[in-house]
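For the sequence shown, this note's numbering assigns the number 33 to the initial residue and increments by one for each residue that follows.
Report on the following structure.
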Amino acid sequence: MEQPNGDHKPGADSASGDPKPDRDGNKGNDSVSTVRNVLGRWGKKVGEATKKAEDLAGNTWQHSKLAFSSDNPLSYKAGDKDEWSYYKVIIPLHQLKAVNPSTSRAKPAEKYIQVISVDNHEFWFMSFLNYDSAVKCLRDALDARNLFV
């Protein structure tokens, strides 16, 4: 419907002549507010994507190491006193040289994993919840590391 003066405003409500609200509730065809709204939505999406990327990068960094912490403390002498301490082993994946599964000859149920670092230090791990999965994960990590060396 045309306005009494014969002009028709795009986006106007034909009955009242008032601009129709856009999907954000703003009235009018103000291109500045439209651009502001689009950039605001885009900014929120960029913020969410950035947060997800930061989380992913943090997880990747955390998983680039082989780490083990003891269940029981070890004793050691400090002066004339016996001290107890838990120990932790952390090996960056780029320092892995070999992963070797092993089983005790005397007790076949006892399974171990030998990890050798590039400077030939040996670490023996035992008491896994899922031994086969641990061996597979360590071998996969070693294989992936070898692709980039």
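Glycine included, every Cβ here is placed at the ideal spot set by N, Cα and C.
Beta bridge counterpart(s) of residue i as assigned by DSSP
i, result
"ALA138", "In the DSSP output, where bridge partners are listed per residue, ALA138 has none listed."
"ALA81", "Answer is none; ALA81 lacks a bridge partner."
"ASP114", "LYS109"
Pick from the options that is closest to residue i, judged by C-alpha positions
i, options, result
"VAL121", "LEU98, LYS77 and THR66", "LEU98"
"ASP164", "ASP151, ILE145 and SER149", "ILE145"
"SER136", "GLU115, ASN104, MET158 and ASP112", "MET158"
"ALA173", "THR82, ASP112 and HIS126", "HIS126"
Reduced DSSP category for residue i - H, G, I as helix; E, B as strand; rest coil
i, result
"SER65", "helix"
"LEU71", "helix"
"TYR183", "Look at the range of the chain in this structure, 33 to 181, and you will see that residue 183 is not part of it."
"VAL121", "strand"
"ASP175", "helix"
"VAL150", "coil"
Unbroken beta strand (DSSP E) run spanning residue i, endpoints
i, result
"SER96", "That residue, SER96, is in no beta strand (DSSP E); it is neither H nor E in DSSP."
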